[in-house]
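Residue numbers (the numbering used here): 6 to 214.
Beta carbons: idealized from backbone N, C-alpha and C, even for Gly.
These figures come from a predicted structure and were not determined experimentally.
I have placed the structure first, in the form of C-alpha cells, so that the comments after it can refer back to it.
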C-alpha cells in the first residue's frame, strides 16, 4: 500500500521543510533487521545520510550501529542513544579532537587510511593511556560500476590503503603499542545498482583476509 502523505498539513507549513514518515522508517528497519539476523550480519547506519535526532534515535532503538565520518557525527550518534561499542569512525583527514573524542568515549573502531593516521591515533591513545581499535580501509581495485566521480576503489583512486602496501602497514601496527587491529574495511562507491560489484568485492575481501 502506498504511503499516504498528509498533504493538507503540508499546505499549512512554511517551506522549506522536511517530512519524515517515521512509521515507514520503523517498518523498513524491522525488515532490514530480520534479514540481517538470518545471516549473522550487524548493520551500521551511515549517519551522513541523515543525522536528524528522531531518525537516529529510531535506528538506535532497533539495535543498529552507527557509521560516522566526522567527530560531530560520532557525538550525534552517542547523544541519540547508540552504544559506544556500536559506533565506528571512518573518513579521511580526522582531526585530533575528533580522534580524542572517539577515544574518550571508547568507540568500537577507527577505520584508518594510512600509516601516518595510524601513528597519530597511536600517539593520542598513548597520551590517554588507552588502546584504540582500528580497521584498515583497503582499496581492493574492484570496479563498482557506478559513476566515475563517486567510485572510490580503483587503483587510481586516492582512498584507502593499496593492496601492495598491506604488509608494510601490518608490520607498522606491530610496533604501535596502543593500537589494536580488529578488522578490514571497504567502501567501493555510492549508488551501486549492479550486485555483481559486491560479489567481486566479497571474493577480493576473502583473498585479502
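Through-space distance from residue j to residue i, alpha-carbon basis
{"i": "residue 213", "j": "residue 112", "result": "25 Å"}
{"i": "residue 179", "j": "residue 120", "result": "12 Å"}
{"i": "residue 181", "j": "residue 76", "result": "23 Å"}
{"i": "residue 157", "j": "residue 189", "result": "Note that residue 157 has pLDDT 47, beneath the 50 cutoff, so the model's placement of it is unreliable and the number below is only indicative. Their backbone Cα atoms lie some 16 Å apart in a straight line."}
{"i": "residue 105", "j": "residue 187", "result": "19 Å"}
{"i": "residue 194", "j": "residue 206", "result": "11 Å"}
{"i": "residue 159", "j": "residue 133", "result": "The predicted position of residue 159 is uncertain, since its pLDDT is 49 and thus under 50; a value taken from the coordinates is nonetheless stated next. Taking the straight line from one Cα to the other gives about 37 Å."}
{"i": "residue 200", "j": "residue 33", "result": "20 Å"}
{"i": "residue 168", "j": "residue 141", "result": "11 Å"}
{"i": "residue 9", "j": "residue 109", "result": "44 Å"}
{"i": "residue 197", "j": "residue 204", "result": "12 Å"}
{"i": "residue 115", "j": "residue 176", "result": "18 Å"}
{"i": "residue 14", "j": "residue 24", "result": "11 Å"}
{"i": "residue 46", "j": "residue 69", "result": "10 Å"}
Residue j beta carbon less than 7 Å from that of residue i
{"i": "residue 117", "j": "residue 139", "result": "yes"}
{"i": "residue 65", "j": "residue 39", "result": "no"}
{"i": "residue 50", "j": "residue 81", "result": "no"}
{"i": "residue 79", "j": "residue 107", "result": "yes"}
{"i": "residue 137", "j": "residue 74", "result": "no"}
{"i": "residue 63", "j": "residue 30", "result": "yes"}
{"i": "residue 48", "j": "residue 41", "result": "yes"}
Buried or exposed by the 16-neighbour rule on C-beta atoms within 10 Å, applied to residue i
{"i": "residue 145", "result": "buried"}
{"i": "residue 84", "result": "exposed"}
{"i": "residue 224", "result": "No answer is possible for residue 224: the residues shown for the chain start at 6 and end at 214."}
{"i": "residue 22", "result": "exposed"}
{"i": "residue 229", "result": "The structure shown has nothing for residue 229, since the chain only spans 6 to 214."}
{"i": "residue 28", "result": "exposed"}
{"i": "residue 165", "result": "buried"}
{"i": "residue 147", "result": "buried"}
Residue closest to residue i, alpha-carbon to alpha-carbon, out of the options
{"i": "residue 57", "options": "26, 174, 133", "result": "26"}
{"i": "residue 172", "options": "20, 124, 143", "result": "143"}
{"i": "residue 211", "options": "196, 200, 191", "result": "191"}
{"i": "residue 37", "options": "67, 28, 109, 89", "result": "67"}
{"i": "residue 123", "options": "170, 174, 94, 89", "result": "174"}
(request) Could you tell me whether the segment 129–136 touches the segment 91–109, using the rule of 3 or more Cβ pairs below 8 Å? (result) Contact holds between the segment 129–136 and the segment 91–109, because three or more Cβ pairs, one in each stretch, are under 8 Å apart.
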